[in-house]
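All remarks here apply to the structure that follows.
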Amino acid sequence: MIRRRRLRASEGIRALVRETNIQVSDLIYPMFIVEGENIKEEISSMPGIYHYSIDRMDEELDRIREAGIRAVLLFGIPKHKDECGSEAYNEHGVVQSAIRHMKSVNKDLVVIADICLCEYTSHGHCGLVKDGEIINDETLELLAKTAVTCAKAGADMVAPSDMMDGHVSAIREALDEAGYINTPIMAYSAKMASGYYGPFRDAAHSAPGFGDRKTYQMDFHNGREAMRDIQDDIDEGADILIIKPALTLLDVLKNASLHTNMPLCVYNVSGEYAMVKAAAANGWLDEKRIVMENMTAFKRAGAHMIITYHALDVARWIREER
Ligand code: PBG
Ligand code: ZN
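Numbered per numbering that gives the first Met the number 0, the sequence shown spans residues 0 to 321.
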């Protein structure tokens, strides 16, 4: 008889044949930085995640360092929003200042700047709006400017999340021209228009004021089309690909892992986090088990790195296992 159970008999044997392991170095921790002073405010739909002003960030930076987390993804929330998101590409904007501060506190921390306009525009769209439409090519220039200001502030990587066509090549060109030839682009390549971003939009005050994001984010019915977007970003010079949401795009992640040889990052998004936290708070799920099972599924499907709001907890749980 074939006895699979031989290799399941003890924790020691199971550990030997284990195919997938999560390491702290796989984790990227997202942070929300708000303009202002003395702000530390919990985001109600994302328990355990806070808005920080720059002068209050250090306590979180200490936790990140103690947890052994090496990379963060930054989102900025400005006081002033306008039609063309001018604070996004202000050299002294909230994100640019946060990057400078973080690199001065811990120069080894990999600081990744999310590049988009939606946190900065009064209408909440990821691009410029003209006659009720989100216009592509004019937006590219602003995204490129944003990326250059972040690189200049010391960002180690830029992560365009806008889903405009041609964004990677526009940003690559601008970075190269400004001398940042070695700043990698971590491109959101397969990003679906998803209900799972709800809590993030509360956090970033970035819900679109009219319409939705379906004319630029992908239709979640289409897995084959996702592979074309991925190929476009590879051709345009992306260094790392992001796929999101994580739980509902495991098929796309697996395909990308089989059909490309790119480094792959999965984004375990705000709604996925909120679901787990809500169920755990009610005692309906064992939070640690569920989170580690999710993280393992991402890696098993081919992710090399994971952006997750659970990062501090995951790091602690990995440490406790040892
Ligand atoms: C901004 C951006 C979003 C997310 C990452 N970058 C929101 C959106 O596209 O509406 C979602 C992250 C999350 O839900 O955790 N373009
Ligand atoms: Zn956006």
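Don't be surprised by glycine CBs; every beta carbon is placed ideally from N, CA and C.
For residue i, does the count of other Cβ atoms within 10 angstroms reach 16, so buried, or fall short, so exposed?
i    : result
V104 : exposed
R212 : buried
T19  : exposed
Q22  : exposed
G123 : buried
K78  : exposed
E320 : exposed
D155 : buried
Is it the case that the CB of residue i approaches a heavy atom of ligand 2 more closely than 7 Å?
i    : result
L72  : no
A60  : Residue 60 is actually Leu in this sequence, not Ala. L60: no, Cβ never under 7 Å from ligand 2.
L116 : yes
C125 : yes
Is residue i a contact residue of ligand 1, with contact defined as CB to any heavy atom under 7 Å?
i    : result
G270 : yes
R161 : First, the amino acid is wrong: residue 161 is Asp here, not Arg. Yes, since a heavy atom of ligand 1 falls inside the 7 Å radius drawn around the Cβ of D161.
S205 : yes
R200 : yes
Y196 : yes
Return helix, strand or coil for residue i, following the three-state DSSP convention.
i    : result
N267 : strand
S103 : helix
V140 : According to the sequence displayed, residue 140 carries Glu and not Val. Note: E140 maps to helix in three-state DSSP.
T182 : coil
A245 : coil
T120 : strand
Identify the continuous alpha helix (DSSP H) that holds residue i and give its terminal residues.
i    : result
F199 : G197 to A203
G222 : G222 to D234
T295 : E286 to R299
G11  : E10 to L15
Where do the ends of the beta strand (DSSP E) carrying residue i lie?
i    : result
H258 : From DSSP, H258 is part of no beta strand (DSSP E) but of the alpha helix (DSSP H) over L249 to H258.
A87  : Premise fails: A87 is in no beta strand (DSSP E) and is neither H nor E.
H50  : M45 to S52
A112 : V109 to I114
Give a yes or no on whether 8 Å exceeds the smallest Cβ distance from residue i to chain C.
i    : result
F199 : Protein chain content of the structure displayed is limited to a single chain, and chain C is not contained in it.
Just confirm the distance between the C-beta atoms of residue i and residue j, as a whole number of angstroms; I'd bet it's less than 8 Å.
i    : j    : result
P159 : C117 : Incorrect: roughly 12 Å between the Cβ atoms, too far for contact.
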